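In this note's numbering, the protein residues as written are 1499 to 1711.
Every residue gets a Cβ at the ideal spot worked out from N, C-alpha and C, and that includes glycine.
Model, not experiment: these values are computed from the prediction.
Have a look at the structure below before the remarks.
Written as C-alpha coordinates, this is what we have:
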(Lines of atoms letter the chains of each structure in order from A and count residues from 1; the text may use other names and numbers.)
(Lines give C-alpha, C1' and ligand atoms only; values in the text may rest on other atoms or scores of the structure.)
Protein backbone atom coordinates (compact mmCIF):
# COMPACT_ATOMS: atom_id res chain seq x y z
CA UNK A 1 0.00 0.00 0.00
CA UNK A 2 3.01 2.32 0.47
CA UNK A 3 4.16 2.07 -3.15
CA UNK A 4 3.60 5.41 -4.99
CA UNK A 5 1.92 3.71 -7.95
CA UNK A 6 -0.49 6.62 -8.35
CA UNK A 7 2.45 8.92 -9.14
CA UNK A 8 3.88 6.74 -11.90
CA UNK A 9 3.22 6.65 -15.64
CA UNK A 10 3.88 2.93 -15.97
CA UNK A 11 4.02 -0.18 -13.82
CA UNK A 12 5.94 -3.34 -14.72
CA UNK A 13 4.82 -6.63 -13.17
CA UNK A 14 6.23 -10.16 -13.38
CA UNK A 15 4.38 -13.38 -14.09
CA UNK A 16 6.64 -15.30 -11.72
CA UNK A 17 5.39 -13.16 -8.83
CA UNK A 18 2.00 -14.86 -9.19
CA UNK A 19 3.47 -18.22 -8.16
CA UNK A 20 3.74 -17.40 -4.46
CA UNK A 21 0.95 -16.58 -1.96
CA UNK A 22 1.35 -13.07 -0.58
CA UNK A 23 3.49 -12.01 -3.54
CA UNK A 24 0.61 -13.01 -5.82
CA UNK A 25 -1.79 -10.92 -3.73
CA UNK A 26 0.52 -7.91 -3.87
CA UNK A 27 0.88 -8.21 -7.65
CA UNK A 28 -2.87 -8.38 -8.22
CA UNK A 29 -3.41 -5.43 -5.90
CA UNK A 30 -0.73 -3.37 -7.65
CA UNK A 31 -2.41 -4.05 -11.01
CA UNK A 32 -5.74 -2.85 -9.62
CA UNK A 33 -4.20 0.36 -8.20
CA UNK A 34 -2.43 1.09 -11.48
CA UNK A 35 -5.64 0.61 -13.45
CA UNK A 36 -7.51 3.04 -11.17
CA UNK A 37 -4.66 5.53 -11.49
CA UNK A 38 -4.58 5.33 -15.29
CA UNK A 39 -0.96 4.17 -15.26
CA UNK A 40 -0.04 1.91 -18.16
CA UNK A 41 0.45 -1.57 -16.72
CA UNK A 42 2.96 -3.93 -18.32
CA UNK A 43 3.60 -7.56 -17.43
CA UNK A 44 6.61 -9.66 -18.38
CA UNK A 45 5.16 -13.16 -18.52
CA UNK A 46 8.50 -14.50 -17.26
CA UNK A 47 7.76 -18.24 -17.35
CA UNK A 48 9.86 -20.34 -14.97
CA UNK A 49 8.28 -23.83 -15.04
CA UNK A 50 9.94 -24.99 -11.83
CA UNK A 51 8.11 -22.29 -9.85
CA UNK A 52 4.67 -23.74 -10.52
CA UNK A 53 2.96 -26.66 -8.78
CA UNK A 54 1.52 -28.19 -11.97
CA UNK A 55 1.51 -27.46 -15.74
CA UNK A 56 -1.83 -25.63 -15.69
CA UNK A 57 -1.06 -23.39 -12.69
CA UNK A 58 0.87 -20.83 -14.73
CA UNK A 59 -1.93 -20.26 -17.25
CA UNK A 60 -4.65 -20.19 -14.61
CA UNK A 61 -2.88 -17.43 -12.72
CA UNK A 62 -1.81 -15.42 -15.77
CA UNK A 63 -5.33 -15.41 -17.18
CA UNK A 64 -6.53 -13.99 -13.86
CA UNK A 65 -4.40 -10.87 -14.15
CA UNK A 66 -4.45 -10.29 -17.94
CA UNK A 67 -7.76 -8.31 -17.86
CA UNK A 68 -5.97 -5.77 -15.63
CA UNK A 69 -2.96 -5.45 -17.98
CA UNK A 70 -2.42 -2.99 -20.83
CA UNK A 71 0.72 -4.51 -22.39
CA UNK A 72 1.93 -8.11 -22.11
CA UNK A 73 5.51 -9.07 -23.03
CA UNK A 74 6.65 -12.64 -23.54
CA UNK A 75 8.24 -15.28 -25.72
CA UNK A 76 6.20 -17.55 -27.94
CA UNK A 77 6.51 -20.25 -25.29
CA UNK A 78 5.36 -17.95 -22.50
CA UNK A 79 2.26 -16.86 -24.37
CA UNK A 80 1.47 -20.43 -25.34
CA UNK A 81 1.81 -21.63 -21.74
CA UNK A 82 -0.45 -18.80 -20.58
CA UNK A 83 -3.19 -19.27 -23.17
CA UNK A 84 -3.28 -22.84 -24.46
CA UNK A 85 -5.65 -25.47 -23.09
CA UNK A 86 -2.84 -28.05 -23.04
CA UNK A 87 0.44 -26.22 -22.33
CA UNK A 88 2.33 -29.28 -21.09
CA UNK A 89 4.99 -29.49 -23.81
CA UNK A 90 6.08 -25.89 -23.20
CA UNK A 91 5.96 -26.31 -19.42
CA UNK A 92 8.43 -29.16 -19.92
CA UNK A 93 10.92 -26.67 -21.34
CA UNK A 94 10.36 -27.32 -25.06
CA UNK A 95 9.73 -24.82 -27.83
CA UNK A 96 6.29 -24.34 -29.34
CA UNK A 97 6.09 -27.16 -31.92
CA UNK A 98 5.39 -26.33 -35.54
CA UNK A 99 2.07 -28.16 -35.31
CA UNK A 100 0.92 -25.65 -32.65
CA UNK A 101 2.02 -22.42 -34.31
CA UNK A 102 -1.31 -21.73 -36.01
CA UNK A 103 -3.01 -22.29 -32.66
CA UNK A 104 -0.64 -19.83 -30.99
CA UNK A 105 -1.27 -17.13 -33.60
CA UNK A 106 -5.02 -17.57 -33.18
CA UNK A 107 -4.76 -17.36 -29.39
CA UNK A 108 -2.77 -14.13 -29.66
CA UNK A 109 -5.26 -12.54 -32.04
CA UNK A 110 -8.20 -13.55 -29.85
CA UNK A 111 -6.55 -12.16 -26.73
CA UNK A 112 -5.68 -8.76 -28.13
CA UNK A 113 -9.08 -8.29 -29.80
CA UNK A 114 -11.12 -9.62 -26.91
CA UNK A 115 -12.72 -7.59 -24.11
CA UNK A 116 -10.73 -9.18 -21.29
CA UNK A 117 -7.12 -8.84 -22.27
CA UNK A 118 -4.27 -6.40 -22.94
CA UNK A 119 -4.62 -3.98 -25.83
CA UNK A 120 -1.03 -4.70 -26.92
CA UNK A 121 1.06 -7.88 -26.97
CA UNK A 122 4.81 -7.93 -27.60
CA UNK A 123 5.85 -11.43 -28.69
CA UNK A 124 9.59 -12.07 -28.56
CA UNK A 125 10.77 -14.46 -31.27
CA UNK A 126 14.48 -14.82 -30.52
CA UNK A 127 16.81 -14.09 -33.44
CA UNK A 128 13.78 -13.19 -35.57
CA UNK A 129 13.08 -10.13 -33.41
CA UNK A 130 9.59 -9.51 -32.07
CA UNK A 131 6.01 -9.11 -33.25
CA UNK A 132 3.55 -6.47 -32.07
CA UNK A 133 -0.11 -7.44 -31.82
CA UNK A 134 -2.43 -4.50 -31.17
CA UNK A 135 -6.13 -3.73 -31.34
CA UNK A 136 -7.42 -2.55 -34.72
CA UNK A 137 -4.09 -3.27 -36.43
CA UNK A 138 -2.31 -6.02 -38.32
CA UNK A 139 0.67 -7.66 -36.56
CA UNK A 140 3.96 -5.80 -37.04
CA UNK A 141 7.24 -7.72 -37.21
CA UNK A 142 10.23 -5.85 -35.83
CA UNK A 143 13.61 -7.32 -36.85
CA UNK A 144 16.21 -8.22 -34.28
CA UNK A 145 19.99 -7.85 -34.36
CA UNK A 146 22.19 -10.84 -35.25
CA UNK A 147 24.85 -11.26 -32.56
CA UNK A 148 27.08 -13.95 -31.10
CA UNK A 149 25.44 -15.17 -27.89
CA UNK A 150 27.63 -15.67 -24.82
CA UNK A 151 25.00 -15.64 -22.09
CA UNK A 152 21.22 -15.27 -22.13
CA UNK A 153 20.75 -14.26 -18.48
CA UNK A 154 19.23 -10.80 -18.30
CA UNK A 155 18.10 -10.64 -21.92
CA UNK A 156 14.42 -10.39 -21.01
CA UNK A 157 15.03 -7.65 -18.46
CA UNK A 158 17.13 -5.71 -20.96
CA UNK A 159 14.44 -6.03 -23.64
CA UNK A 160 11.75 -4.79 -21.26
CA UNK A 161 13.95 -1.88 -20.15
CA UNK A 162 14.49 -0.74 -23.73
CA UNK A 163 10.81 -1.10 -24.54
CA UNK A 164 9.76 0.91 -21.48
CA UNK A 165 12.31 3.61 -22.28
CA UNK A 166 10.83 4.01 -25.74
CA UNK A 167 7.29 4.04 -24.40
CA UNK A 168 8.14 6.73 -21.85
CA UNK A 169 9.70 8.78 -24.66
CA UNK A 170 6.34 8.51 -26.47
CA UNK A 171 7.86 6.57 -29.35
CA UNK A 172 5.58 4.35 -31.39
CA UNK A 173 5.53 0.61 -30.65
CA UNK A 174 7.78 -0.33 -33.55
CA UNK A 175 10.56 2.03 -32.50
CA UNK A 176 10.19 1.04 -28.84
CA UNK A 177 10.42 -2.66 -29.67
CA UNK A 178 13.47 -2.00 -31.84
CA UNK A 179 15.06 -0.38 -28.79
CA UNK A 180 14.15 -3.43 -26.71
CA UNK A 181 15.64 -5.76 -29.31
CA UNK A 182 18.90 -3.78 -29.24
CA UNK A 183 19.17 -3.85 -25.45
CA UNK A 184 18.55 -7.60 -25.41
CA UNK A 185 21.08 -8.18 -28.17
CA UNK A 186 23.79 -6.25 -26.34
CA UNK A 187 23.25 -8.10 -23.06
CA UNK A 188 23.56 -11.57 -24.58
CA UNK A 189 26.99 -10.71 -26.00
CA UNK A 190 28.35 -10.25 -22.46
CA UNK A 191 28.78 -12.24 -19.28
CA UNK A 192 26.73 -11.04 -16.36
CA UNK A 193 23.22 -9.74 -15.83
CA UNK A 194 22.70 -6.35 -14.19
CA UNK A 195 26.29 -5.38 -14.83
CA UNK A 196 25.88 -6.23 -18.52
CA UNK A 197 23.02 -3.80 -19.14
CA UNK A 198 23.91 -1.29 -21.87
CA UNK A 199 23.85 2.49 -21.47
CA UNK A 200 21.55 4.67 -23.54
CA UNK A 201 24.40 6.07 -25.61
CA UNK A 202 25.87 2.69 -26.53
CA UNK A 203 22.44 1.30 -27.41
CA UNK A 204 21.66 4.21 -29.74
CA UNK A 205 25.12 3.83 -31.31
CA UNK A 206 24.58 0.07 -31.72
CA UNK A 207 21.28 0.68 -33.51
CA UNK A 208 22.64 3.45 -35.74
CA UNK A 209 25.48 1.19 -36.93
CA UNK A 210 22.94 -1.47 -37.94
CA UNK A 211 20.47 0.41 -40.05
CA UNK A 212 18.87 2.61 -37.41
CA UNK A 213 15.37 2.42 -36.06
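Counting C-beta atoms within 10 angstroms of its own C-beta, residue 1506 has fewer than 16 neighbours from the protein chains shown and is therefore classed as exposed. Rounded to whole angstroms, the gap between the alpha carbons of residue 1642 and residue 1504 is 34 angstroms. DSSP, read as helix, strand or coil, puts residue 1711 in coil.
With contacts defined by Cβ atoms closer than 9 angstroms, residue 1563 and residue 1529 form a contacting pair.
Nearest C-alpha to residue 1547 among 1535, 1515, 1524: 1515. Looking only at 1573, 1692, 1660, 1519, the smallest Cα-Cα distance to residue 1699 is reached by 1660. About 7 angstroms separates the Cβ atoms of residue 1671 and residue 1632, confirming a contact at the 8 angstroms cut-off. A straight-line Cα-Cα distance of about 18 angstroms links residue 1617 and residue 1513. In this structure, residue 1686 lies near residue 1653, with their beta-carbon atoms less than 9 angstroms apart.
Assigned with DSSP and collapsed to three states, residue 1640 falls in strand. Judged by DSSP in its simplified three-state form, residue 1630 adopts strand.
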